[in-house]
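Protein sequence lines correspond, in order, to chains H and D.
Numbering-wise (the working numbering), the first sequence opens with residue 85 and increments by one.
Numbering-wise (the working numbering), the second sequence opens with residue 85 and increments by one.
Just so you know, even glycine gets a beta-carbon here, dropped at the ideal spot from N, CA and C.
The structure presented is a predicted model; accordingly, all values stated were derived computationally and were not measured.
There are 2 protein chains.
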Amino acid sequence: MDAVKVDGRVERGEQTRRQILRRAAEIASVEGLEGLSIGRLAGELEVSKSGVFAHFGSKEELQLATVRAAAAIFVRHVVDPALTVPPGLGRLERLLDGWLAYSEDRTFPGGCFFYAVQAEFDARPGRVRDSIAGYAREWNSYVRETIAAIPEIADPDQVAFELIAFLEMANAQSVLHDDPLAYSRARAAVRNRLAQAADAASTTRR
Amino acid sequence: MDAVKVDGRVERGEQTRRQILRRAAEIASVEGLEGLSIGRLAGELEVSKSGVFAHFGSKEELQLATVRAAAAIFVRHVVDPALTVPPGLGRLERLLDGWLAYSEDRTFPGGCFFYAVQAEFDARPGRVRDSIAGYAREWNSYVRETIAAIPEIADPDQVAFELIAFLEMANAQSVLHDDPLAYSRARAAVRNRLAQAADAASTTRR
DNA sequence: AAGTTGTACGAACGATCGTACAATTAGTTT
DNA sequence: AAACTAATTGTACGATCGTTCGTACAACTT
Chain H
85 MDAVKVDGRV ERGEQTRRQI LRRAAEIASV EGLEGLSIGR LAGELEVSKS
135 GVFAHFGSKE ELQLATVRAA AAIFVRHVVD PALTVPPGLG RLERLLDGWL
185 AYSEDRTFPG GCFFYAVQAE FDARPGRVRD SIAGYAREWN SYVRETIAAI
235 PEIADPDQVA FELIAFLEMA NAQSVLHDDP LAYSRARAAV RNRLAQAADA
285 ASTTRR
Chain D
85 MDAVKVDGRV ERGEQTRRQI LRRAAEIASV EGLEGLSIGR LAGELEVSKS
135 GVFAHFGSKE ELQLATVRAA AAIFVRHVVD PALTVPPGLG RLERLLDGWL
185 AYSEDRTFPG GCFFYAVQAE FDARPGRVRD SIAGYAREWN SYVRETIAAI
235 PEIADPDQVA FELIAFLEMA NAQSVLHDDP LAYSRARAAV RNRLAQAADA
285 ASTTRR
C-alpha cells in the first residue's frame, strides 16, 4: 500500500489529460496528427481551449503525447497478449492474430493508429516523425525477435518484412474500401508464408 | 495536323495549371492533400493566391485535380511501360519492377503519392476519398488481371494482395527509415512468392 | 478600331489556427 | 481562517486558412 499523498487536484488533472489523449488518438487515427486541432479537441471534450493547451504547452508536445498514448494502447492490445504465450510459433501466431484483431475491431476508429500517422509524417523532418519512426522500429524488432525464437524459420528479417506487409495491407484495404475480406486474405497469406517457412526447414533438414 | 485554333490565353492558362498541379502533387506526397494550402502553393510558384484559386474554384476541386494529375504520372511511369511487354509473367515482373523503381526513384518526393493520400483519406467521407478509392481499385484490378493472364498462377486475387503488400511495405519502410534495403526485401519477397506459385502449379500438374 | 473573352492580380472577408497571459476556481497546507 | 498551489478558464494576439470581388491586361472576334 502506498496510496499516500493523493492530491485531488493533480489527480483530476491527470484524468482530464488521459481523456484528452484518448480522444486525441481517436481523432488522429482518422484525421491525422495535423488534422488534430486544439480548438476542436476542446470543443468535443467540452473544456476550454486554453485548458487543453495548458496540459501540453505546444501542439507538437500534444502530438508527441498522443503518439505515446497510442503506443501504450497498442502494446496493451497487441504485444501483451502475445507475451502470455511461450516463445515459439504459438507466440508469433498470437501476435499476428492480435494485430489483425486490433485493426479489425477498430480499437482506433480510423484503423491502425500507426499506419495513419506513419504515412502522414514519414517524409517530413521533426520530433514527431522521429518518435513515430522509433516506435515503428521497436515493433519491427519485436516481430523479428519473435520469429527468431523459432529455430525452424530462416531469415527472420525477411519473414518479418513480409508478415508485417500483410498486416498493414489488410488494414489499409479494409479501411479504404470498407472491405472486411482483406483480413481473410491477410490470414491466408500469413498461414501460407509460415507453412512455406516450415517446409523449407524440413527440406533442408533431410 | 490539327493545330488549328490555338488560343494563346487558354494555352497559357493550361500551362500554369499544369505547373500548379505538378507542384501540388509533389507537396501532397510529402505533406498530404490537406497540408497542401493554396497560399503556400501560390508562394512557391510565385503567382497570386487568387490566381491559383481561380483555376479550381475550391480547395476540394484542387485536391481532386491533383489526384487526377498524380494518377496520370503513375500510369506513365508504372502501367505504360509494362504494356510494352506481352501478357504473361514477363509483363507482371515488368509491372512490379516498374512500381518499385517509381517509388525508389522518388518520382514524387515523398515516395508513392497514393500511399500518402490513401492513408490520409481512407477513413473520412467525401469526394476526394472516393476518387482515391477508385484509383486504388483500378490499380488492384489491373494487377489482378495481369496475374490472371498467367495460367500457371492460381488465385490471382490472393497473389495480387500479397504482391501489392510487398510494394507498399517497401515504400513505407524506405521513406520512414530512409532505408533503401526495404526495396531489396520487397524484390526478394516478390521473387519468392512467384516461385512458390510456379512450384505449386508444376506440382498440381503432375 | 471597338468590343468581347480569359487569365491573373490585389485587397479584403470571416473563420480558425496556435499561442500568451491574467483571472478564477478547487484543493492542500499552514 | 489565511496563505498557497495546481488545474482550468476567458480574453486577446498575430498568422494563415479558404473564399469573394472588382480590376487590369493580353488575346481573340467582329
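For residue i and residue j, I'd like the C-alpha separation in whole angstroms.
| i | j | result |
| --- | --- | --- |
| residue 252 of chain H | residue 233 of chain D | 27 Å |
| residue 220 of chain D | residue 198 of chain D | 8 Å |
| residue 111 of chain D | residue 178 of chain D | 28 Å |
| residue 124 of chain H | residue 187 of chain H | 25 Å |
| residue 268 of chain H | residue 275 of chain H | 10 Å |
| residue 127 of chain H | residue 93 of chain H | 22 Å |
| residue 108 of chain H | residue 175 of chain D | 45 Å |
| residue 190 of chain H | residue 169 of chain H | 24 Å |
| residue 181 of chain D | residue 214 of chain H | 30 Å |
| residue 154 of chain D | residue 185 of chain D | 16 Å |
| residue 85 of chain D | residue 192 of chain D | Residue confidence is low: residue 85 of chain D scores 39 on pLDDT, short of 50, so the model does not pin down where it sits. No coordinate-derived value is stated. |
| residue 258 of chain D | residue 149 of chain D | 27 Å |
| residue 87 of chain H | residue 218 of chain H | Interpretation of residue 87 of chain H is limited by its pLDDT of 43, a score under 50 that renders its predicted location unreliable; the figure taken from the coordinates is listed afterwards. Distance between the alpha carbons of residue 87 of chain H and residue 218 of chain H: 34 Å. |
| residue 260 of chain H | residue 117 of chain D | 16 Å |
| residue 129 of chain H | residue 91 of chain H | 23 Å |
| residue 196 of chain H | residue 97 of chain D | 42 Å |
| residue 239 of chain H | residue 279 of chain H | 15 Å |
| residue 225 of chain D | residue 119 of chain D | 30 Å |
| residue 290 of chain D | residue 99 of chain D | Confidence at residue 290 of chain D is low in this model, with a pLDDT of 48, below 50, so the placement of that residue is unreliable and no value is reported for it. |
| residue 95 of chain H | residue 131 of chain H | 17 Å |
| residue 183 of chain D | residue 167 of chain D | 13 Å |
| residue 277 of chain D | residue 283 of chain D | 10 Å |
| residue 210 of chain D | residue 139 of chain H | 33 Å |
| residue 287 of chain D | residue 235 of chain D | 14 Å |
| residue 205 of chain D | residue 222 of chain H | 26 Å |
| residue 171 of chain D | residue 173 of chain H | 39 Å |
Thinking C-beta only, is residue j closer than 7 Å to residue i?
| i | j | result |
| --- | --- | --- |
| residue 137 of chain D | residue 157 of chain D | no |
| residue 207 of chain D | residue 194 of chain H | yes |
| residue 250 of chain H | residue 249 of chain D | yes |
| residue 227 of chain D | residue 147 of chain D | no |
Taking C-beta pairs closer than 7 Å, name the residues in chain D that residue i reaches, listed in chain order.
| i | result |
| --- | --- |
| residue 280 of chain H | 280 |
| residue 119 of chain H | 118 |
| residue 176 of chain H | Within 7 Å Cβ-Cβ: nothing; residue 176 of chain H doesn't reach chain D, min ~18 Å. |
| residue 226 of chain H | Ordered by position in chain D, no residue passes the 7 Å Cβ test against residue 226 of chain H, which lies about 15 Å from the chain. |
| residue 292 of chain H | What the structure shows of chain H is the stretch from 85 to 290, and residue 292 of chain H is not part of that stretch, so it cannot be assessed. |
Give me the Cβ distance between residue i and residue j, rounded to the nearest whole Å; I'm assuming they're in contact under 8 Å.
| i | j | result |
| --- | --- | --- |
| residue 270 of chain D | residue 237 of chain D | With a Cβ gap of about 19 Å, residue 270 of chain D and residue 237 of chain D do not count as contacting. |
| residue 151 of chain D | residue 216 of chain D | 6 Å |
Can you pull the chain H neighbours of residue i, defined as C-beta to C-beta under 8 Å?
| i | result |
| --- | --- |
| residue 208 of chain D | 114 and 115 |
| residue 291 of chain D | Summary: the structure shown does not reach residue 291 of chain D, with chain D confined to residues 85 through 290, and so no result is reported for it. |
| residue 220 of chain D | 260 and 261 |
Residue i touches chain D at which residues, Cβ-Cβ below 8 Å?
| i | result |
| --- | --- |
| residue 195 of chain H | 206 and 207 |
| residue 217 of chain H | 260 and 261 |
Using a Cβ cut-off of 9 Å, pull out every chain H residue sitting near residue i, in sequence order please.
| i | result |
| --- | --- |
| residue 252 of chain D | 249, 252, 253 and 256 |
Residue i versus chain H: which residues are under 7 Å apart at the beta carbon?
| i | result |
| --- | --- |
| residue 259 of chain D | 206 and 207 |
| residue 269 of chain D | 242 and 245 |
- request: Tell me, please, whether the stretch 151-166 of chain H touches the stretch 133-143 of chain H by the rule of three or more beta-carbon pairs shorter than 8 Å.
  value: no
- request: Determine, using beta-carbon pairs with one atom in the stretch 262-273 of chain D and one in the stretch 201-211 of chain D, whether at least three such pairs fall under 8 Å.
  value: no
task: Take every Cβ of the stretch 239-246 of chain H, pair it with every Cβ of the stretch 214-231 of chain H, and state whether three or more of those distances are shorter than 8 Å.
output: yes
message: Would you call the stretch 129-136 of chain D in contact with the stretch 94-106 of chain D, where contact means no fewer than 3 C-beta pairs closer than 8 Å?
response: yes
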